[in-house]
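Asks: Heads up: the sequence shown is residues -7 to 478, going by my numbering. Beta carbons: idealized from backbone N, C-alpha and C, even for Gly. Encoded as structure tokens, here's the structure I'll be asking about.
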Amino acid sequence: MDGGLMAAAPNGRNPNLMTIFKLADRGAFTGIPLTFLNRCRAYQFPAADGAEGFVVDGQLAEAAARLGLTGEAAEGLPETSTPPRIAIYAGEAVGYPYWAYYAHSLLSLGLTFSPIDGRQIVAGALSDYDLLVMPGGFATWGLDRAENLAGIDAAIHAFISAGGAFMGSCGGGFYASDGRPGWLRAIDATPNYTQEYLSTGAAVLGISVSDPVLGRGLPEAIELPYYHGPVYSNSVRAAVSLGHFRNFISESRLFIDNPLAPSLFDREMKNTPAVLSANLGRGKVIIFSPHPEMGEFLRKGIVLEAYVRRFLPIRGFKVMDETLRFFMKEDCAGFRLIYNALVYLGLFERRGDGAISEMEKVSPHELLQLLNELDAAMIASFVRLEALACSETEAMHHLLSAEFGRLKQEWQDVLAGIRTECAAGLVDIRLVDGLVGVLQASLPSLEAPSKPTETLVLTEMPIRLCAAGLRIMRCDNALETSHENR
-7 MDGGLMAAAP NGRNPNLMTI FKLADRGAFT GIPLTFLNRC RAYQFPAADG
43 AEGFVVDGQL AEAAARLGLT GEAAEGLPET STPPRIAIYA GEAVGYPYWA
93 YYAHSLLSLG LTFSPIDGRQ IVAGALSDYD LLVMPGGFAT WGLDRAENLA
143 GIDAAIHAFI SAGGAFMGSC GGGFYASDGR PGWLRAIDAT PNYTQEYLST
193 GAAVLGISVS DPVLGRGLPE AIELPYYHGP VYSNSVRAAV SLGHFRNFIS
243 ESRLFIDNPL APSLFDREMK NTPAVLSANL GRGKVIIFSP HPEMGEFLRK
293 GIVLEAYVRR FLPIRGFKVM DETLRFFMKE DCAGFRLIYN ALVYLGLFER
343 RGDGAISEME KVSPHELLQL LNELDAAMIA SFVRLEALAC SETEAMHHLL
393 SAEFGRLKQE WQDVLAGIRT ECAAGLVDIR LVDGLVGVLQ ASLPSLEAPS
443 KPTETLVLTE MPIRLCAAGL RIMRCDNALE TSHENR
């Protein structure tokens, strides 16, 4: 395994050897081993990526079994890695739900985060973080201008130059590029469309990843939502292309009625960079033109807008219902791509400043109170969904009602699960703060009028966030006994 984890003891037992537990890497659509790995890191247990899977401290085998994970005990040299301190930009230029997609993807990987805005950045808050995530939204204009606050762009540039890491999608990709005022110029490339970025469109596209670290555990094609992301030429540049646009899958009219034309994709986007990375000073940047952070529940909304309407009369309820039911939830290929990007950026390596703090735990009282408020909003949102569905055809109404019923039941199950796990005691403060921040931001969206498919996506978002948070809580409670016995 990497780092000598599986080295044999020469001429007898090496006193540094310990019992380790090897977990197989099941690929992009089985994320619970990654959640477990990253929670082991959060508890400062020896845990790392290996050449053939994931490796954790041997005493965690029982905790893994409680979560339904199986593995193999062996002897090896301990290796410790640490989870990065992650800030997600959540200022007005980005807003909800853009940053909530990244919140969901990170929580699904077992990683916590802090939402951060421009004023906090100008005040120096980035010194407490290893990574700044810039979601889609309107960083496209430069943040000083978009937020009407001087100093944000310079502070972010200084953070990266001093050794920080930056990850951006779509608007975050524009922001890291060159060509417009306020942009970071970390990626020495100017998109084909800058100010007129809407000239492309929205779609589901396939990308292929060429870098072995970034592509680990992923299929040859990763299918991702695309919403007017930067289009780059195949020019020679310092920035490295790590993946390219591969194929057009379907147009999208969800949220923005501006579908990408297949002819434009073939003419200007196919085989061009979809993922770029570059150094900026002592720091590193990686950007995605599409949206790996947008879970498959958003793709479900895209499918409902066109594909299902077209094929429901042809293939009937059963096939269309299975199409909706079998989209992934917390285990999406895009999320594995994000995890691999964190590895590529070196964010699990021990920090040189030694800044590894013990996990702080707090009462979940604030979270539980918010969940009570959210539950009432969710009930009202489901009532609105049913009313909106009444205007559909009988067949579409029947299909939507089945989907609503599944989601209502899942929401109640997740809510009960969180309450049960919180009854066990204190909860990681970073998890509580992150969940409270993003769930609080979700409340206005549940009351905003929109089309049935859009209301469905916005209603499912809190379910997905809470389900990912619940998975972390279950991992933590399984690990707690092992932590106490160290």
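1. In chain order, what residues of the same chain have a beta carbon less than 6 Å from the beta carbon of residue 447, not counting five sequence neighbours either side?
2. Are the CB atoms of residue 140 and residue 75 nearer to each other than 8 Å?
3. Does the stretch 127 to 137 come close enough to the stretch 56 to 69 that 3 or more CB-CB pairs lie under 8 Å?
4. Using C-beta distances below 7 Å, list every residue in its chain close to residue 142, excluding the 5 sequence neighbours before and after it, in chain order.
5. On a Cα-Cα basis, can you pick out the residue from 210, 87 and 284 that is closest to residue 160?
6. Can you tell me which of the three DSSP states residue 105 falls into?
7. Could you pull out every residue in the same chain whose Cβ sits closer than 6 Å to the Cβ of residue 286, ignoring the five residues on either side in sequence?
8. What residues are listed by DSSP as bridge partners for residue 64?
9. On the DSSP bridge list, what partners appear for residue 155?
10. So, is residue 193 buried or exposed, given that buried needs 16 or more other C-beta atoms within 10 angstroms?
11. What would DSSP say about residue 255, mapped onto helix, strand or coil?
12. Report the rounded CA-to-CA distance for residue 269 versus residue 279, giving the unit in angstroms.
13. Take residue 242 and list the residues in its own chain whose beta-carbon comes closer than 8 Å to its own, dropping the five residues that flank it on each side.
14. Jot down the residue ranges of each uninterrupted alpha helix (DSSP H) in the stretch 121 to 155, minimum 4 residues, whole runs only, in chain order.
15. Is residue 21 helix, strand or coil when you go by DSSP?
16. With a floor of 4 residues, list each alpha helix (DSSP H) that falls wholly inside the stretch 170 to 254, ordered by position along the chain.
17. With DSSP as the reference, label residue 325 as helix, strand or coil.
18. Classify residue 277 as helix, strand or coil using the three-state DSSP reduction.
19. My assumption, with CB atoms under 8 Å, is that residue 211 sits in contact with residue 53. Please give the rounded CB distance.
20. Just curious, the alpha helix (DSSP H) that residue 86 is in, first and last residue?
21. Per DSSP, residue 469 is paired with what?
22. Less than 7 Å between C-beta atoms, sequence neighbours within five positions excluded: which residues of the same chain meet that for residue 221?
23. Check the DSSP bridge columns for residue 338 and list the partner residues they point to.
24. Report the rounded CA-to-CA distance for residue 394 versus residue 313, giving the unit in angstroms.
25. Indicate the three-state DSSP secondary structure (helix, strand or coil) for residue 72 in the structure shown.
26. Identify whether residue 161 lies in helix, strand or coil by the three-state DSSP scheme.
Replies: Inspection of the coordinates gives the following:
1. 377
2. By the CB criterion at 8 Å, residue 140 and residue 75 fall outside the cutoff.
3. no
4. 136
5. 284
6. Here residue 105 carries a coil assignment [DSSP, helix/strand/coil].
7. 93 and 217
8. 14
9. Residue pairing by DSSP places residue 155 opposite no residue, since no beta bridge is assigned to it.
10. buried
11. helix
12. 6 Å
13. 195, 196, 294, 295, 298 and 299
14. 135 to 139 and 144 to 153
15. coil
16. none
17. helix
18. strand
19. So it is not a contact: roughly 30 Å between Cβ atoms.
20. Taken as a continuous stretch (DSSP letters only), residue 86 belongs to no alpha helix (DSSP H), as it is neither H nor E.
21. By DSSP's assignment, residue 469 forms no beta bridge with any residue.
22. 162, 165, 281 and 282
23. DSSP, once it has assigned bridges, lists no residue as partnering residue 338.
24. 8 Å
25. strand
26. If DSSP states are grouped into helix, strand and coil, residue 161 belongs with the strands.
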